[in-house]
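S.K.:
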Amino acid sequence: MNAFSLAPSPLYPRIEDNLSDQIVDVFYEKLLDDYAVYRLFSGKSIAEQTAPLKVYLKAKFAGLNNSNREAELLDEYFMAAFARSSVKSTPMASDFDFLMEIAGGKDTRVLTYLCDAHTHFLKFKPDDFHYDVLMKHLSDTLTELSIEEGLQHDLMELAESARNPVLGRQSE
């Protein structure tokens with residue numbers, strides 16, 4: 000497990016708890032309404048999925064700088080948002096993946112986990128397309144909520160900096 004940590008930055012004091020909650024609520028609605036990404040999320044209610052994310056963001060915006068606590072909070076979020084209570088097996092996809100690996104036709108990569116529960120997300124094999132959708136919805140959310148342009152830029156930059164870790168790639 001590789002604990003990814005967002006370093007404290009000047010933008011944290013500029014985000015109040017209620018603003019953070021508003022951003023998450025509107026953003027999540029957009030994600031769950033988008034066919035391209037909604038399948039990644041668990042069938043839990045939006046409140047169940049967003050509550051741990053809100054706790055994590057509030058802790059980070061308040062200056063959380065403890066990697067163990069951060070991993071715990073991320074575990075709670077990934078479990079709530081991506082873990083399934085009943086896993087549907089997909090033998091054809093698994094067999095195909097296995098055959099492609101044997102035949103050498105599939106590029107296998109080593110995944111780097113943010114926390115143990117990150118595996119629930121990475122099993123869906125998200126890629127840059129999915130992250131681009133996320134970034135578009137975040138941008139639309141910030142605009143819709145009339146977030147000040149400088150803060151929008153900082154939040155988008157922060158979200159972009161998490162691309163590789165969220166997708167399980169080692170930071171360069």
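Letter 53 of the sequence shown, counting from 1, is numbered 52 in numbering that gives the first Met the number 0, and no numbers are missing. Every residue gets a Cβ at the ideal spot worked out from N, C-alpha and C, and that includes glycine.
Which residue wins for smallest C-alpha separation from residue 81, given the options 50, 163, 121, 46?
M.R.: Here residue 81 refers to the residue found at position 82 when the sequence shown is read from its first residue. The option with the nearest alpha carbon to residue 81 is 121.
S.K.: Would DSSP call residue 118 helix, strand or coil?
M.R.: Working through the sequence shown from its first residue, we reach residue 118 at position 119. Three-state result, residue 118: helix.
S.K.: Taking only runs that begin and end inside the region 42-81, name each unbroken alpha helix (DSSP H) of 4 or more residues, in chain order.
M.R.: Qualifying alpha helix (DSSP H) stretches, in chain order: 45-60, 66-81.
S.K.: Going by beta-carbon coordinates alone, are residue 25 and residue 56 separated by less than 8 Å?
M.R.: Within the sequence shown, numbered from 1, the residue matching residue 25 stands at position 26. Within the sequence shown, numbered from 1, the residue matching residue 56 stands at position 57. For residue 25 and residue 56, no; Cβs fall outside 8 Å.
S.K.: Under three-state DSSP, which class holds residue 147?
M.R.: Here the question's residue 147 lines up with position 148 in the sequence shown. Coil, per DSSP.
S.K.: Rounded to the nearest angstrom, how far is the Cβ of residue 129 from that of residue 36, given a contact under 8 Å?
M.R.: Mapped onto the sequence shown, residue 129 falls at position 130. Mapped onto the sequence shown, residue 36 falls at position 37. At roughly 6 Å, the Cβ-Cβ gap stays under 8 Å, so residue 129 and residue 36 are in contact.
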